[in-house]
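Order-wise, the sequence lines are chains A and B. So for the first sequence, the numbering used here puts the first residue at 16; every next one is plus one. So for the second sequence, the numbering used here puts the first residue at 16; every next one is plus one. Accompanying notes for the structure given below.
2 protein chains.
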Amino acid sequence: MSRKYSLLTVGNAIIDILVKVEEKFIGDNGLDKSAMKLVDAQETAELYAKVDEATERSGGSAANTAVGYGVLGGKAAYIGTIAKDQFGTIFSHDMKAAKVAYNPIYVEGKPTSQSIILVTPDGERTMNTYLGASLDLSPEHIDKEIILQSDVIYFEGYLWYQPPARLAFDHIVKLIKGTDIKIAVSLADQFCVDAFRDDFKNLIANGTIDIIFGNEDEIKALYEVSDFETAMQENAKTNVLSFITRGAKGAVAQLGNISETVSVDPVSNIVDLTGAGDIFASGALCGLERGLDLSKSAMLGCIAAREVIQHMGPHPTVDLIKLVEQANLFDK
Amino acid sequence: MSRKYSLLTVGNAIIDILVKVEEKFIGDNGLDKSAMKLVDAQETAELYAKVDEATERSGGSAANTAVGYGVLGGKAAYIGTIAKDQFGTIFSHDMKAAKVAYNPIYVEGKPTSQSIILVTPDGERTMNTYLGASLDLSPEHIDKEIILQSDVIYFEGYLWYQPPARLAFDHIVKLIKGTDIKIAVSLADQFCVDAFRDDFKNLIANGTIDIIFGNEDEIKALYEVSDFETAMQENAKTNVLSFITRGAKGAVAQLGNISETVSVDPVSNIVDLTGAGDIFASGALCGLERGLDLSKSAMLGCIAAREVIQHMGPHPTVDLIKLVEQANLFDK
Numbered sequence: 016m017s018r019k020y021s022l023l024t025v026g027n028a029i030i031d032i033l034v035k036v037e038e039k040f041i042g043d044n045g046l047d048k049s050a051m052k053l054v055d056a057q058e059t060a061e062l063y064a065k066v067d068e069a070t071e072r073s074g075g076s077a078a079n080t081a082v083g084y085g086v087l088g089g090k091a092a093y094i095g096t097i098a099k100d101q102f103g104t105i106f107s108h109d110m111k112a113a114k115v116a117y118n119p120i121y122v123e124g125k126p127t128s129q130s131i132i133l134v135t136p137d138g139e140r141t142m143n144t145y146l147g148a149s150l151d152l153s154p155e156h157i158d159k160e161i162i163l164q165s166d167v168i169y170f171e172g173y174l175w176y177q178p179p180a181r182l183a184f185d186h187i188v189k190l191i192k193g194t195d196i197k198i199a200v201s202l203a204d205q206f207c208v209d210a211f212r213d214d215f216k217n218l219i220a221n222g223t224i225d226i227i228f229g230n231e232d233e234i235k236a237l238y239e240v241s242d243f244e245t246a247m248q249e250n251a252k253t254n255v256l257s258f259i260t261r262g263a264k265g266a267v268a269q270l271g272n273i274s275e276t277v278s279v280d281p282v283s284n285i286v287d288l289t290g291a292g293d294i295f296a297s298g299a300l301c302g303l304e305r306g307l308d309l310s311k312s313a314m315l316g317c318i319a320a321r322e323v324i325q326h327m328g329p330h331p332t333v334d335l336i337k338l339v340e341q342a343n344l345f346d347k
Numbered sequence: 016m017s018r019k020y021s022l023l024t025v026g027n028a029i030i031d032i033l034v035k036v037e038e039k040f041i042g043d044n045g046l047d048k049s050a051m052k053l054v055d056a057q058e059t060a061e062l063y064a065k066v067d068e069a070t071e072r073s074g075g076s077a078a079n080t081a082v083g084y085g086v087l088g089g090k091a092a093y094i095g096t097i098a099k100d101q102f103g104t105i106f107s108h109d110m111k112a113a114k115v116a117y118n119p120i121y122v123e124g125k126p127t128s129q130s131i132i133l134v135t136p137d138g139e140r141t142m143n144t145y146l147g148a149s150l151d152l153s154p155e156h157i158d159k160e161i162i163l164q165s166d167v168i169y170f171e172g173y174l175w176y177q178p179p180a181r182l183a184f185d186h187i188v189k190l191i192k193g194t195d196i197k198i199a200v201s202l203a204d205q206f207c208v209d210a211f212r213d214d215f216k217n218l219i220a221n222g223t224i225d226i227i228f229g230n231e232d233e234i235k236a237l238y239e240v241s242d243f244e245t246a247m248q249e250n251a252k253t254n255v256l257s258f259i260t261r262g263a264k265g266a267v268a269q270l271g272n273i274s275e276t277v278s279v280d281p282v283s284n285i286v287d288l289t290g291a292g293d294i295f296a297s298g299a300l301c302g303l304e305r306g307l308d309l310s311k312s313a314m315l316g317c318i319a320a321r322e323v324i325q326h327m328g329p330h331p332t333v334d335l336i337k338l339v340e341q342a343n344l345f346d347k
C-alpha cells in the first residue's frame, strides 16, 4: 500500500492537564485508579481546584498514536474536532510540530476537550476527561479525500461512547468499501469494552475491524473471562490481527493460530504511563507498514512504549528512531 | 515584622510555552540568546509555527518568586493581571495550588500574556514574550489592604517597560510611606537595566528601593563597567542590600562594606535555567524573613535555584524544604 498517509487516526482531540498526586488522593476522591472517567464542566472545576500545579500538553489517545507514528518517520494524519480557543491552538500546533497532517476542524459552543490526569508515584494515571468540542465529531467532519488517501485508519475505542462519532465510523467504513484500506480499533479501557462488547465483537466477527489493540484487562473483558490464556484462545478463533500489551510482561501479537509473545527489558524508573498503549500502537503499526513480521512489529511497539513511560507526558521525547535502529529490527 | 503576608510580589502574569530547540535555531531566527524579547501577536504566531511540540505551564518572573517562596513555607501573595481565558485559568489555578494568595485581576480585550521559551541543550533559555492582559496592570489594580498587609513587596524589573505599571509602583511607594514595609526590585535583565538605568539608580540612591536582586551582567550594566569587582565597589557605596547571582560561581550578598560570597555545588545536569534567578530570590527572601544572616540567606537562594535548574519549568518540583533542612541553615 502506498497512499499519501500510511496511518490516519481518529479520536478525541484533548489537552492533558498532568498533575502528580499521592496514592491517597485517588481513594479520597472516590476515583477508580488507572481508569478514564468522564466528568462534566463542574466536576472538572472542582477536581482542578484540589490539585497541585499542573503541566499542560497535547494528548488524546488516537492523537498520541499519530504523533508517535510521526516521530517514527511514518506519514500520519489525524481527524478530531477542537474549539477556537487556546487549548485548540496548542493541540493543532503540537500535531503539526510532530509532522502529523491535521487540518483543524473547529466546532462552536464548547471549549476544546481536556483531561485532568492524576499521576501517582507508581506512574499509573487516572484520567478525568471533560469532553468539550471533541464530542461533536460526526460524519459531516469526515473528509472523503483524506480517508481514501490512507492505508490504515485507526479509531480510539473511546469514540464508541459518542453516538455521532460512532456514525462517523460507519460512514468511513462505507467510504472504504471495496478498497484494501484497513480498519484498526483500540479497545480504550475495560469499562469501554464492558459498555460496547457486543458491538466490538460483531465488528470483529463480520470482518469490519482488521486489527485490534488492547491490553490484558481489555481482552479478558471482551471475552468475559478472568484468565488471559482463555481470552487469547477465544480471540484466536476470530482470526482478527491483535496486539495485546501486558505491561512489564511485554506483548502478544496474534493472528488465528499464530501467537507471538515478546518480552521487554525492565524499566527501573517508570515516571508516567500516560500514552504507553497509544505509543505501542504507533510502533506496531509502523512495523507492519515497514513489512516486519508480527513478532518484530510487537517488539517495535514495546520499544516505543518503553521510552514514553520514562518521562512525563504521552509523546516520545528522545530520538525514538535511534532506539529502534539500535534494536536492528529493520533490514538494511 | 509579622503582617499577613511576608512577601508580596508584583509582575507580569505569564504562561510559559517551553520548547526545546537546537543551538542553531537561535541564530537562524535572529534572536539574542538568553535574553527576553518582547514580541507582538503576529511574531508570536510565526515563531510558534516554527517550533516543536511544547509544554505549557505557569511562569512570570515575580510570580515564580512567589511560588518558590510559598513552596519554602512562606506566606506569599501576588498581584498581576490576566484575561478570562484558558491561560488565565491555568495561571490562577497554579498560584493557588502553590499556596500563593492571588485574587485574579481580570482585564478585557487581550489574551493572558504568554512567553515562548526556547530551551537550548545547555539549559539556557531565550524568551519571546507576548504581553497581553498583564500589560494593563495599573494603579487601579492595587489593593491597599494587601499592600499594607505585606512585609516585603517585590517588583520584577520588567514592569519598568510598562508606564502604567511604573505608576503602580509609585502608588505603592506612596501607600507604604511611614511604614517599615520594604521594597525589593529585581533588575530583570541587562537590556532592562540599560533602558531604565537612571530610574533604578535614583530609586536606590533616594532609599525607595531597599533590596535589589540581579546577576553579574545586570550589576555591571547598572554601573556601566565591564568588571564585576568594580561594579560591586560602586554598588557598596549605595548601601542598598543586594543579592547578585553569578551562575556556577554562586552569589554575593552585599550591604555597604559587608560583602558575603557563597559558592554552590556544581550541577552536572543543567536542564533548564528558566526561573533560576526568580527562585534564588525566593530563597534569599525566605532566609531574611527567618532572621538568617546575609551569607546564609544567599546560600538558601543558591540551594533553591540549584534545584530548579535540574528540571524543565521554573517552579520547584521536589521537597525544597527538605533540601534546605539538610543544609542546616535554620537554627533548631
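Quick reminder that beta carbons are idealized off the backbone N, C-alpha and C, glycines included. Note that the structure is a prediction, hence the values are computed from the model and not measured.
Residue nearest to residue i in terms of C-alpha spacing, selected from the options
i, options, result
"residue 280 of chain A", "A:342, A:39, A:222", "A:342"
"residue 39 of chain A", "A:85, A:66, A:77, A:116", "A:66"
"residue 202 of chain A", "A:62, A:60, A:113, A:26", "A:26"
"residue 46 of chain A", "A:236, A:17, A:96, A:134", "A:134"
"residue 31 of chain A", "B:69, B:345, B:87, B:58", "B:69"
"residue 301 of chain B", "B:233, B:59, B:183, B:335", "B:335"
"residue 152 of chain B", "B:284, B:180, B:72, B:248", "B:180"
"residue 23 of chain B", "B:43, B:206, B:191", "B:191"
"residue 308 of chain B", "B:337, B:258, B:319", "B:258"
"residue 37 of chain B", "B:102, B:107, B:139, B:83", "B:139"
"residue 131 of chain A", "A:245, A:57, A:248, A:177", "A:57"
"residue 143 of chain B", "B:284, B:240, B:164, B:48", "B:48"
"residue 28 of chain B", "B:160, B:95, B:34", "B:95"
"residue 310 of chain B", "B:79, B:278, B:321", "B:278"
"residue 260 of chain B", "B:299, B:223, B:222", "B:299"
"residue 21 of chain A", "A:115, A:41, A:43", "A:115"
"residue 64 of chain A", "B:105, B:286, B:146, B:87", "B:105"
"residue 267 of chain A", "A:239, A:197, A:228", "A:228"
"residue 176 of chain A", "A:251, A:165, A:199, A:214", "A:214"
Where the beta strand (DSSP E) through residue i begins and ends
i, result
"residue 159 of chain B", "Counting along the chain, residue 159 of chain B falls outside any beta strand (DSSP E), though it belongs to the alpha helix (DSSP H) covering 159-163."
"residue 32 of chain A", "29-35"
"residue 132 of chain B", "128-134"
Strand pairing of residue i, partner residues [DSSP]
i, result
"residue 52 of chain B", "B:143"
"residue 197 of chain B", "B:167"
"residue 121 of chain A", "A:97"
"residue 228 of chain A", "A:201, A:258"
Reduced DSSP secondary structure (H/G/I, E/B, other) of residue i
i, result
"residue 22 of chain A", "strand"
"residue 99 of chain B", "coil"
"residue 256 of chain A", "strand"
"residue 268 of chain A", "strand"
"residue 74 of chain A", "strand"
"residue 339 of chain B", "helix"
"residue 262 of chain B", "helix"
"residue 93 of chain B", "strand"
"residue 276 of chain B", "strand"
"residue 2 of chain A", "The structure shown does not extend to residue 2 of chain A, since chain A is modelled only from 16 through 347, so no value can be given for it."
"residue 113 of chain B", "coil"
"residue 106 of chain A", "helix"
"residue 345 of chain B", "coil"
"residue 331 of chain B", "coil"
"residue 241 of chain B", "coil"
"residue 83 of chain B", "helix"
"residue 326 of chain B", "coil"
Range of the contiguous alpha helix (DSSP H) that encloses residue i
i, result
"residue 238 of chain B", "231-238"
"residue 397 of chain A", "Look at the range of chain A in this structure, 16 to 347, and you will see that residue 397 of chain A is not part of it."
"residue 303 of chain B", "291-304"
"residue 41 of chain A", "38-43"
"residue 190 of chain A", "178-190"
Contact test: residue i Cβ vs the ligand SAH heavy atom, cutoff 7 Å
i, result
"residue 257 of chain B", "Questions concerning the ligand SAH fall outside what the structure shown contains, since it holds no ligand whatsoever."
Chain B contacts made by the stretch 59-82 of chain A, where a contact means CB separation under 8 Å: Those would be 63, 64, 66, 67, 68, 69, 70, 71, 72, 73, 82, in chain order.
Taking Cβ-Cβ distances below 7 Å as the criterion, which residues of the stretch 86-110 of chain B are in contact with chain A? Answer in chain order: 100, 101, 102, 105, 108, 109.
Going along the stretch 229-256 of chain A in order, which residues come within less than 8 Å of chain B, judged by CB to CB distance? Answer set for the stretch 229-256 of chain A: empty.
What residues in the stretch 280-296 of chain B bring their beta carbon closer than 8 Å to a beta carbon of chain A? Flagged: no residues at all.
What residues from the stretch 110-121 of chain B come within 7 Å of chain A, judged by C-beta to C-beta, listed N to C? Of all residues in the stretch 110-121 of chain B, 112, 113 have a Cβ within less than 7 Å of some Cβ in chain A.
Near-chain A residues of the stretch 320-335 of chain B (beta-carbon distance less than 9 Å), N- to C-terminal order: Contact residues of the stretch 320-335 of chain B toward chain A are 327, 328, 330, 332 (C-beta to C-beta distance below 9 Å).
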